Amino acid sequence: MEGTAPCQELLLDFEKTSVSSKPTEATVPYDERLDVGKMGYGCQHYRRRCKIRAPCCNEIFSCRHCHNEAASLLKNPFDWHELNRYDVKQVVCSVCDTEQPVAQVCTNCGVNMGEYFCDICKFYDDDVILCSEIEWLILVY
Numbered sequence: 026m027e028g029t030a031p032c033q034e035l036l037l038d039f040e041k042t043s044v045s046s047k048p049t050e051a052t053v054p055y056d057e058r059l060d061v062g063k064m065g066y067g068c069q070h071y072r073r074r075c076k077i078r079a080p081c082c083n084e085i086f087s088c089r090h091c092h093n094e095a096a097s098l099l100k101n102p103f104d105w106h107e108l109n110r111y112d113v114k115q116v117v118c119s120v121c122d123t124e125q126p127v128a129q130v131c132t133n134c135g136v137n138m139g140e141y142f143c144d145i146c147k148f149y150d151d152d153v154i155l156c157s158e159i160e161w162l163i164l165v166y
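Going by my numbering, the first residue of the sequence shown is number 26, and it counts up by one from there.
Listed below in structure tokens is the structure:
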């Protein structure tokens with residue numbers, strides 16, 4: 026694709042986000058907004074309600090793994106790179122498409138972008154059962 030950033034060329038191949046009707050603040054009460062779209066968005070790696078803006082190439086991806094897979098398939102090996110998740114500063118809400126600083130709850134629509142959220146790792150995940158199993162495994166070992 027002429028004129029696009031290298032990572033953007035393969036971005037669509039890795040986007041597995043499902044799209045549902047986008048609720049507005051007027052149609053969904055605040056206490057119900059947090060769960061809107063839960064487990065309905067994300068990619069093959071994680072269920073989450075946001076995407077990340079990769080600071081290394083300024084492109085938007087569902088997760089760092091999607092970014093790294095796309096970057097590793099670029100034609101020029103000198104363009105290959107990995108995303109450092111600690112450097113992520115911006116996310117895009119998958120429910121309302123608002124780009125914003127890293128946070129657990131969307132500043133625009135009030136949706137919880139991940140049941141599990143780590144501000145240090147910039148990690149979001151709605152599959153908290155998986156997260157609990159991973160934490161348990163870490164504690165055991």
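We put the beta carbon where it would ideally sit given N, CA and C, even for glycine.
Because the structure is a prediction, the values reported are computed rather than measured.
Tell me whether PRO80 sits in a helix, a strand or coil according to DSSP, three-state version.
Here residue 80 refers to the residue found at position 55 when the sequence shown is read from its first residue. The answer is coil: DSSP assigns PRO80 none of H, G, I, E or B.
Mapping the DSSP letters down to three states, classify VAL127 as helix, strand or coil.
On the sequence shown, position 102 is the one that residue 127 refers to. DSSP places VAL127 in coil when its eight states are reduced to three.
Quick one: residues in its chain with C-beta nearer than 8 Å to the C-beta of VAL127, no 5 flanking neighbours on either side, listed in chain order?
Taking the sequence shown and counting its residues from 1, the one referred to as residue 127 is at position 102. Excluding residues within five positions, the ones whose Cβ falls inside 8 Å are VAL113, LYS114, GLN115, VAL116, ASP144 and LYS147.
Quick check on ASP151: buried or exposed, where buried means 16 or more other Cβ atoms within 10 Å of its Cβ?
Taking the sequence shown and counting its residues from 1, one reaches residue 151 at position 126. Classification of ASP151: buried, given that the 10 Å Cβ count is 16 or more.
Check CYS146 in the structure and name its three-state DSSP category.
Numbered from its first residue, the sequence shown carries residue 146 at position 121. In this structure, CYS146 counts as coil in the three-state DSSP scheme.
Any contact of the segment 75 to 90 with the segment 103 to 110, i.e. 3+ C-beta pairs under 8 Å?
With the cut-off at 8 Å, the segment 75 to 90 and the segment 103 to 110 touch.
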